[in-house]
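Below: one structure, written as structure tokens.
There are 2 protein chains.
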Amino acid sequence: MPEAMSFYFDFTCPYSWIASERVLSIAGRHMRHVRWRPLPSERLCHQGAPCGVPSSRTPQIDAHIQRDLGRLLRLYDLDAVTPVPLSGGVCLAPSCGFHWIFQNQGDDAARTYAQAVFRARFREGRDVADPDVAADVACETGTDRQAFLRALSDPQWQALLGEEVGRAQRDGIFTLPFVVVDGDPFWGRDPLDMIDTWLSRGGW
Amino acid sequence: MPEAMSFYFDFTCPYSWIASERVLSIAGRHMRHVRWRPLPSERLCHQGAPCGVPSSRTPQIDAHIQRDLGRLLRLYDLDAVTPVPLSGGVCLAPSCGFHWIFQNQGDDAARTYAQAVFRARFREGRDVADPDVAADVACETGTDRQAFLRALSDPQWQALLGEEVGRAQRDGIFTLPFVVVDGDPFWGRDPLDMIDTWLSRGGW
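Going line by line, the protein sequences match chains G and E.
Sequential numbering from 8 applies to the first sequence in my numbering.
Sequential numbering from 8 applies to the second sequence in my numbering.
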């Protein structure tokens, strides 16, 4: 099997959610495995500009982004609710929990958890930054709730997340979602069509 | 004929050039006219982030952008040379000249001039920010060189360009290239495929 694709994403970013709903079928069509890598964009992007949108907004810019998002969601038949405000500052609980599940239960369980977190946030309107909610979602996807909460209180998973952010920055990942295929970088609000063409042709 | 599409671009931005080479055929297929609107991204983007790429770069980010650009240029069969550094600060001459040609010779002549400026910069490696070079390109596309240079020294065209920037900012245009179709905003490094689908379906 050829090298895995790396899919970098932020659990709080709707464009990351859209990419997460498309990446597996596109990778699968080309017999590629996908390595999921959650990152908090506030830590990754020095300029606070995830998804290539500016951090300082006007009502007009916000309206454009909402219109663009709605259009993508309709295009891919994704039902979304208005996201609730997230508790606390940077959303760390689901990313730390993801790494703990990844190391303890493996890749498939971690990916299943990540998909459930995205859907909890964007389809069900739940506050996934709250450790209790992050643990509920883990429980719903077959993970022991108490063990998950104990892991969240262990500083090693925040440290691991910090290492992931540092590694991504050193690799030049500057926005989310971001996908790396055989060393080739693909980013933007909806990078998957270009990746599909790239994999179909074997590059060009 | 339905409403024209507005194509906002920066003469110094390679992603704008790529969009400029695609926008007419896509618009033409859907019987749309395109209103070209050059803007200097330094004036438009408060955060200095045209094309959705960060203004503070690392060598890794630069490498990703070069790789992405090369890939798009090969995809669309566009030959490019390494661009020369531009003289002066913000590149105003071709944008001011564009507006003068637009008002004096009309839409087609201005568009022809814009395409020639892009090709002079990216195919021929010329310093189009230099008023003499901007005038050479105007001359090559059928405009009187001396009249063009006289127009550049008239402050009304810089004032008009300032009004264009203000109008675009009020409309929420926050990056380049940017295309507006019937009020729907499309942006990103390569927004044309989504526009093509949108126009083909009549929206969704």
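For every residue, glycine included, the Cβ atom is placed at its ideal position computed from N, Cα and C.
Open item on the list: With distance defined between alpha-carbon atoms, name the residue in G:Leu206, G:Gly195, G:Val188, G:Leu82 nearest to G:Cys20.
Closed with: G:Gly195
TODO: Check the DSSP bridge columns for E:Trp194 and list the partner residues they point to.
DONE: E:Phe185
TODO: Report the neighbours of E:Phe14 on chain G: residues whose CB is nearer than 9 Å to its CB, in chain order.
DONE: Here the premise fails: no neighbours, minimum Cβ distance about 16 Å.
Task: Any chain G beta carbon closer than 9 Å to E:Gly209 - done: no
- [ ] Let me know if E:Val30 comes out buried or exposed under the rule of 16 or more other beta-carbons within 10 Å of its beta-carbon.
- [x] buried
Open item on the list: Quick check: the Cα distance between G:Arg126 and E:Arg174, rounded to an integer number of angstroms?
Closed with: 38 Å
Task: Close-in-space but distant-in-sequence residues of the same chain around E:Ala116 (CB under 8 Å, 5 per side omitted) - done: Ile108, Phe109, Thr148, Gly149, Thr150
TODO: State yes or no: is the C-beta of G:Val172 within less than 9 Å of the C-beta of G:Leu46?
DONE: yes
- [ ] Could you check how far apart the C-beta atoms of E:Pro184 and E:Phe16 are, in whole angstroms? I think they sit under 8 Å.
- [x] 5 Å
- [ ] Go ahead and pull the three-state DSSP assignment for G:Met12.
- [x] strand
Task: Residues sharing a beta bridge with E:Trp43, DSSP - done: E:Phe14
TODO: Pick out whichever of E:Gly113, E:Val60, E:Gln112, E:Cys98 has its Cα sitting closest to the Cα of E:Val140.
DONE: E:Cys98
TODO: Find the residues of chain G that neighbour E:Leu82, judging by a C-beta separation of less than 7 Å, and give them in chain order.
DONE: Trp211
Task: Start-to-end residues for the alpha helix (DSSP H) that takes in E:Trp205 - done: 199-208
TODO: Compare the Cα-Cα distances from E:Ser27 to each of E:Asp197, E:Gly210, E:Gly77, E:Val91 and report the closest residue.
DONE: E:Asp197
- [ ] Find the nearest neighbour of E:Arg50 within the set E:Asp191, E:His40, E:Ile180, judged by alpha-carbon distance.
- [x] E:Ile180
Open item on the list: Residues of chain E with CB closer than 7 Å to the CB of G:Thr65, please, in chain order.
Closed with: Gly179
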